[in-house]
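*Asks:* From first to last, the protein sequence lines stand for chains S and Y. Position 16 of the first sequence, counted from 1, bears residue number 16 in UniProt numbering, the numbering being contiguous throughout. Position 95 of the second sequence, counted from 1, bears residue number 95 in UniProt numbering, the numbering being contiguous throughout. All C-beta atoms in this analysis are idealised placements derived from N, C-alpha and C, irrespective of residue type, glycine included. The structure follows.
Number of protein chains: 2
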Amino acid sequence: MSTAANSPGRPGRRPSTSQVELEKVAFRLFDRNGFDATTVDDIAKAAGIGRRTFFRYFDSKNDVVWGAFTDQLEYMRERFAARPPAEPVMESLRAVVVDFNRVEAGETDRHRRRLQLILRVPALQAHSTLRYADWRAVVAEFAAHRTGVHPGDLRPQAIAHAALGTALAAYEHWLGDPGSDLATVLDTAFAELARGFGEESRCS
Amino acid sequence: MSTAANSPGRPGRRPSTSQVELEKVAFRLFDRNGFDATTVDDIAKAAGIGRRTFFRYFDSKNDVVWGAFTDQLEYMRERFAARPPAEPVMESLRAVVVDFNRVEAGETDRHRRRLQLILRVPALQAHSTLRYADWRAVVAEFAAHRTGVHPGDLRPQAIAHAALGTALAAYEHWLGDPGSDLATVLDTAFAELARGFGEESRCS
DNA sequence: ACATTAATGACACCGGGTGTCAAATGGAAG
DNA sequence: CTTCCATTTGACACCCGGTGTCATTAATGT
């Protein structure tokens with residue numbers, strides 16, 4: 001898909017850059033000057049394109065940070081479908097979310113910088129709600145399918161919202177504690193969620 | 001506090017309007033033309049003030065919708081403190097959140113319109129994350145205090161995040177079902193959360 | 001050569017938000 | 001009443017993100 005626009009046999013002028021290329025350029029500037037202090041003009045100039053062209057690759061400056069997030073949601077949907085149907089909903093949820101956040105060893109640093117921006121820069125923090133809505137929809141769809149109700153019903157929606165919140169808390173904790181392992185933190189957080197955050201660990 | 005600036009014995013020019021006054025003017029325009037189509041210039045003109053002055057009453061156009069939200073958080077903090085110390089955390093949480101969303105019979109319609117804007121207008125939806133951060137802080141502080149840990153720890157943060165998510169799901173459900181009662185919906189949603197959204201309703 | 005298709009970039013424009021500063025307003029002291 | 005001081009106001013200029021428009025450029029096939 002990324003090279004689809006470069007495929008031969010297709011008329012018209014070739015794209016002069018790509019999303020990943022712009023992303024790389026932008027991240028360099030974000031690292032050096034910070035997100036807010038980096039203007040779209042800066043990114044465009046550094047990438048050798050016009051300001052207007054930038055907005056043909058990304059809907060907004062905020063969206064640069066999110067990479068292929070939306071595409072990955074499809075993968076998440078598949079992982080949900082692959083879980084054994086008899087498994088409790090919250091158990092599947094925990095497994096899939098942990099798996100979804102598994103990144104290649106080389107990519108873990110990039111993942112960290114991404115989340116650092118999303119969770120700490122107010123503008124991106126706000127914008128994240130819009131992007132995470134799709135994430136929630138995937139979760140709600142799964143929870144609804146499993147329990148035989150509509151995705152718009154209260155329970156699946158509450159599950160999706162609570163799951164997102166739990167994941168965000170885990171992300172924040174992970175960012176604040178450099179030595180911690182994201183998968184472990186997510187696992188414990190979702191275990192707590194499935195237990196209703198109760199004091200007693202289990203039914204006696 | 002609202003009339004503090006009008007109190008005698010204080011030098012300087014009198015404020016020419018107030019937050020509540022601007023809020024009323026703005027909501028009229030939002031109702032008629034929608035949030036996005038209403039510019040700050042429109043509000044200022046309708047209120048008979050300058051555009052620059054508007055931003056001395058509100059940090060942003062988004063904040064107009066939130067009324068005295070931040071002040072109410074202090075009340076929420078008090079309600080938490082008033083709960084019996086032996087009560088389970090999630091039980092106190094449920095009670096306080098339900099109570100916090102109790103509004104006078106005459107104000108219920110205004111509350112509904114507020115939430116409708118916050119939850120349905122993308123710009124406000126995004127911005128809400130920033131405002132709700134304070135709400136989460138109050139919840140995390142309470143949960144941490146009860147369990148004897150720091151507010152920044154994973155558990156209280158996860159509880160706060162999940163609680164917010166649950167409340168949002170309840171709000172959305174309430175907005176979508178005009179016949180429903182907000183307190184009831186919140187109550188059932190938080191009961192589910194405390195139960196870990198499990199299939200079995202209780203320990204056998 | 002020619003039409004077609006697609007991407008580009010320049011330009012103008014809108015709207016939210018901020019910094020600055022002179023002017024307006026009102027109380028208090030002379 | 002006049003002067004001084006504190007405070008709010010509004011005008012102006014400016015920055016930046018985002019959009020609509022349109023001529024131009026680069027690639028294809030005929």
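Roughly how many angstroms lie between the CA atoms of residue 1(S) and residue 196(Y), to the nearest whole one?
*Replies:* Note on residue 1(S): pLDDT 40, under 50, position unreliable in the model; the coordinate value appears next. Cα-Cα distance, rounded: 40 Å.
*Asks:* Checking 8 Å against the spacing of the C-beta atoms, do residue 50(S) and residue 23(S) come in under that value?
*Replies:* No; because the gap between Cβ atoms is not below 8 Å, this pair is not in contact.
*Asks:* Give the interface partners of residue 89(Y) over in chain S, defined as CB-CB distance under 9 Å, in chain order.
*Replies:* What residue 89(Y) touches in chain S: 197, 198, 199.
*Asks:* Under a CB-based cut-off of 8 Å, is residue 125(Y) close to chain S?
*Replies:* Answer yes: the Cβ-Cβ gap between residue 125(Y) and chain S drops below 8 Å somewhere.
*Asks:* Measuring only between beta-carbons, confirm whether residue 150(S) sits less than 8 Å from chain Y.
*Replies:* Residue 150(S) does not count as touching chain Y.
*Asks:* Please classify residue 178(Y) as buried or exposed, where buried requires at least 16 neighbouring CB atoms within 10 angstroms.
*Replies:* With fewer than 16 Cβ atoms within 10 Å of its Cβ, residue 178(Y) is classed as exposed.
*Asks:* Need the endpoints of the alpha helix (DSSP H) that residue 221(S) sits in, please.
*Replies:* Because chain S spans 1 through 204 in this model, residue 221(S) falls outside it and cannot be assessed.
*Asks:* Excluding sequence positions up to five away, which residues of its chain have a Cβ less than 8 Å from the Cβ of residue 16(S)?
*Replies:* Only 48, 49, 53 meet the Cβ criterion.
*Asks:* Between the alpha carbons of residue 77(S) and residue 82(Y), how many angstroms are there, rounded?
*Replies:* Answer to the nearest angstrom: the Cα atoms are 44 Å apart.
*Asks:* Within a Cβ cutoff of 7 Å, which residues of the same chain sit near residue 144(Y), ignoring the five residues on either side of it in sequence?
*Replies:* Around residue 144(Y): 150, 151, 153, 156.
*Asks:* Anything in the region 166 to 184 of chain Y with a Cβ closer than 8 Å to a Cβ of chain S? List those residues in chain order, please.
*Replies:* For the region 166 to 184 of chain Y, which is checked against every Cβ of chain S, the residues closer than 8 Å are 166, 168, 169, 170, 172, 173, 176.
*Asks:* Which residue wins for smallest C-alpha separation from residue 114(Y), given the options 140(Y), 43(Y), 34(Y)?
*Replies:* Minimum Cα distance to residue 114(Y) is reached at 34(Y).
*Asks:* Can you check whether the CB of residue 98(Y) is closer than 8 Å to the CB of residue 175(Y)?
*Replies:* Contact: no.
*Asks:* If contact means a Cβ-Cβ distance below 8 Å, which residues of the region 88 to 119 of chain S contact chain Y?
*Replies:* Taking 8 Å as the Cβ-Cβ cut-off against chain Y, the residues of the region 88 to 119 of chain S that qualify are 88, 89, 90.
*Asks:* Compare the C-beta of residue 85(S) against all C-beta atoms of chain Y and say whether one is closer than 8 Å.
*Replies:* By this cut-off, residue 85(S) is not an interface position.
*Asks:* For the alpha helix (DSSP H) containing residue 197(Y), name the first residue and the last one.
*Replies:* Premise fails: residue 197(Y) is in no alpha helix (DSSP H) and is neither H nor E.
*Asks:* Examine chain S for any beta-carbon lying closer than 8 Å to the beta-carbon of residue 73(Y), and answer yes or no.
*Replies:* It does not; no Cβ of chain S falls within 8 Å.
*Asks:* Kindly say whether residue 128(Y), judged by its beta-carbon, lies nearer than 8 Å to any beta-carbon of chain S.
*Replies:* Cβ-Cβ to chain S under 8 Å: yes for residue 128(Y).
*Asks:* Cβ of residue 80(Y) within 8 Å of Cβ of residue 103(Y)?
*Replies:* Going by C-beta atoms, residue 80(Y) is not nearer than 8 Å to residue 103(Y).
*Asks:* Show which residues of chain Y have a CB atom less than 7 Å away from the CB atom of residue 161(S).
*Replies:* Ordered by position in chain Y, the residues that pass the 7 Å Cβ test against residue 161(S) are 165, 166, 168, 169.
*Asks:* Return the chain-ordered list of same chain residues with a C-beta closer than 8 Å to the C-beta of residue 161(Y), the five sequence neighbours on each side being excluded.
*Replies:* Only 136 meet the Cβ criterion.
*Asks:* Please compile the residues from chain Y whose C-beta is within a distance smaller than 8 Å of the C-beta of residue 194(S).
*Replies:* Per Cβ cutoff of 8 Å: 196, 197, 198.
*Asks:* Residue 186(Y) touches chain S at which residues, Cβ-Cβ below 9 Å?
*Replies:* Chain S residues near residue 186(Y): none, gap ~10 Å exceeds 9 Å.
*Asks:* What do you reckon, are the CB atoms on residue 138(Y) and residue 163(Y) nearer than 8 Å?
*Replies:* Contact: no.
*Asks:* Please compile the residues from chain Y whose C-beta is within a distance smaller than 7 Å of the C-beta of residue 189(S).
*Replies:* By Cβ distance, chain Y contributes 154, 158.
*Asks:* Along chain Y, which residues have their Cβ under 8 Å away from the Cβ of residue 122(S)?
*Replies:* What residue 122(S) touches in chain Y: 130.
*Asks:* Could you check where the alpha helix (DSSP H) with residue 102(Y) kicks off and where it finishes?
*Replies:* Looking at the DSSP string, residue 102(Y) is not in any alpha helix (DSSP H), and its letter there is neither H nor E.
*Asks:* With distances taken between CB atoms, is the gap from residue 189(S) to residue 158(S) smaller than 8 Å?
*Replies:* No. Outside cutoff.
*Asks:* Does the Cβ-Cβ distance between residue 125(Y) and residue 130(S) come in under 8 Å?
*Replies:* Taking 8 Å as the Cβ cut-off, residue 125(Y) and residue 130(S) qualify as a contacting pair.
*Asks:* Counting C-beta neighbours from all protein chains within 10 Å, is the total for residue 44(Y) 16 or more, i.e. buried, or is it exposed?
*Replies:* Buried, since its Cβ has 16 or more Cβ neighbours within 10 Å.
*Asks:* Please list the segments of the alpha helix (DSSP H) lying wholly inside the region 61 to 119 of chain S, counting only runs of 4 or more residues, in order along the chain.
*Replies:* Complete alpha helix (DSSP H) runs here, min 4: 69 to 82, 89 to 100.
*Asks:* Please report the residue range of the alpha helix (DSSP H) in which residue 156(S) lies.
*Replies:* Taken as a continuous stretch (DSSP letters only), the alpha helix (DSSP H) holding residue 156(S) covers 154 to 176.
*Asks:* With 16 other CB atoms within 10 Å as the buried threshold, where does residue 165(S) fall?
*Replies:* Looking at its Cβ environment, which holds 16 or more other Cβ atoms inside 10 Å, residue 165(S) is buried.
*Asks:* Measuring only the C-alpha atoms, how far is residue 31(S) from residue 128(Y)?
*Replies:* Between residue 31(S) and residue 128(Y), the C-alpha separation is close to 27 Å.
*Asks:* Does the separation of the CB atoms of residue 101(Y) and residue 183(Y) fall below 8 Å?
*Replies:* A contact, by the Cβ cut-off of 8 Å.
*Asks:* Within this structure, are the beta carbons of residue 194(Y) and residue 87(Y) separated by less than 8 Å?
*Replies:* No; because the gap between Cβ atoms is not below 8 Å, this pair is not in contact.
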